[in-house]
Amino acid sequence: PVTDAEHDEL
Amino acid sequence: MNIFRLSGDLSHLLAILLLLVKIWKTRSCAGISGKSQILFAIVYTTRYLDLFTSFVSVYNSFMKVVFLTASYGTLYLMFFKFKPTYDHNHDSFRILYLIIPSLVLSFIIVHVYTVMEILWTYSIYLEAVAIMPQLFMVSRTGEAETITSHYLFALGSYRALYILNWIYRYYTEDFLDMIVIIAGIVQTILYCDFFYLYITKVLKGKRLSLP
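Protein chains in written order, with this note's numbering: chain E, 2 to 11; chain F, 1272 to 1482.
Now the structure itself:
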C-alpha cells in the first residue's frame, strides 16, 4: 500500500 | 531522484515561470485559459496538503511551495490585476465535466481510503485533464502566441519525462504506482496533437495557427 510519505514526487 | 525526474521538475518549473513572466511582461493574459489555471490551482492545493503532514526532502517542500505560490500568483494576475485582458468568451470549456468525474474516480480507484490519499489521487486525475480547457481555447481561437506554445510544450514535456522516471524507478527501485502512471500517460497523450504542431510549426519559426 502507498502511504502519503511514499509520494516522493511532485 | 534521477535525471528524468529532475528534468521533468525543471520543465514543469520552466512552464509555470514562463507563463507568469509572459503575463507580467505583456501585461496581458490573452490566449490563456483561466479555467485551466483554476484547475491547476486545485491540483496543487489538493496534492501539496501533505506539506503539513509529511516531510520527504527540502527539495520537494521547496518546489511544492513554489508551484503553489506561482499558481495562485497566476490566478491573481488573470482574475484581478489584468482581468480586462482575460479572453473569457473563448474560454468556454465546462470545467465541472472534469472536476466531478475526477472526484468520483478518486473514490473508486484509490490506494488507501484516507482523506489525504483520496485528495492526492484526485489531484492526479484532475491534473491529467486540466489542460483541456486551454487546448480547447487554442482550437477555438485557431492560434496560440509563440510564448504560449513554449509554455504548453514545457508543461506537456514534464509528464512525458515523468513517464521515463517511472520506467527508471520500476527497474531500479521496483516502484510501480499504476494510478499515477496511467494518469500520466493519459495526460501526455492529450498533448500529442499539440506536440506535433509545435515541432512542425513553432520550432521552424512559424506561429502556431490551426488550418
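Where is the CB? At the ideal position from N, CA and C, for every residue including glycine.
If you're wondering where the values come from, they're calculated on a predicted model, not measured in any experiment.
Check your understanding: Just how far apart, CA to CA, sit Tyr-1422 (chain F) and Leu-1376 (chain F)?
Key -> Locating residue 1422 (chain F) in the second sequence gives position 151, where the first residue counts as 1. Locating residue 1376 (chain F) in the second sequence gives position 105, where the first residue counts as 1. Straight-line Cα distance between these residues: approximately 29 Å.
Exercise for review: Might you give, ordered along the chain, the residues of its own chain that have their beta carbon closer than 8 Å to the beta carbon of Phe-1446 (chain F), omitting 5 neighbours on each side?
Suggested key: Start at 1 with the first residue of the second sequence, and residue 1446 (chain F) comes out as number 175. Correct list, in chain order: Trp-1437, Arg-1440.
Review point. The stretch 1324 to 1336 of chain F: which residues have C-beta closer than 7 Å to a C-beta of chain E, in chain order?
Key: Thr-1324, Ser-1325, Val-1327, Asn-1331, Met-1334, Lys-1335
**Study point:** For Ala-1415 (chain F): DSSP bridge partner residues
**Key:** Position 144 of the second sequence, counted from the start, is the residue given in the question as residue 1415 (chain F). In the DSSP output, where bridge partners are listed per residue, Ala-1415 (chain F) has F:Leu-1479.
Review point. Of all Cβ atoms in chain E, is any one closer than 8 Å to the Cβ of Trp-1295 (chain F)?
Key: As a working note, residue 1295 (chain F) is residue 24 in the second sequence. Taking Cβ atoms only, chain E never reaches closer than 8 Å to Trp-1295 (chain F), which makes this a no.
Check your understanding: Checking contacts by CB at 8 Å: is Asp-1445 (chain F) closer than that to chain E?
Key -> For this step, residue 1445 (chain F) is matched to residue 174 along the second sequence. Chain E contact via Cβ: absent.
Review point. Does Arg-1276 (chain F) have its Cβ less than 8 Å from a Cβ in chain E?
Key: Counting from one through the second sequence, the residue named residue 1276 (chain F) turns up at place 5. Arg-1276 (chain F) counts as touching chain E.
Review point. Can you find a C-beta in chain E that's less than 8 Å from the C-beta of His-1283 (chain F)?
Key: To locate residue 1283 (chain F), count along the second sequence from 1; it is residue 12. Yes, His-1283 (chain F) lies at the interface with chain E (some Cβ there is under 8 Å from its Cβ).
Review point. Nearest CA to the CA of Asp-1358 (chain F): which residue from F:Phe-1407, F:Phe-1311, F:Leu-1339, F:Glu-1398?
Key: Locating residue 1358 (chain F) in the second sequence gives position 87, where the first residue counts as 1. Selected option, being the one with the closest Cα: F:Phe-1407.
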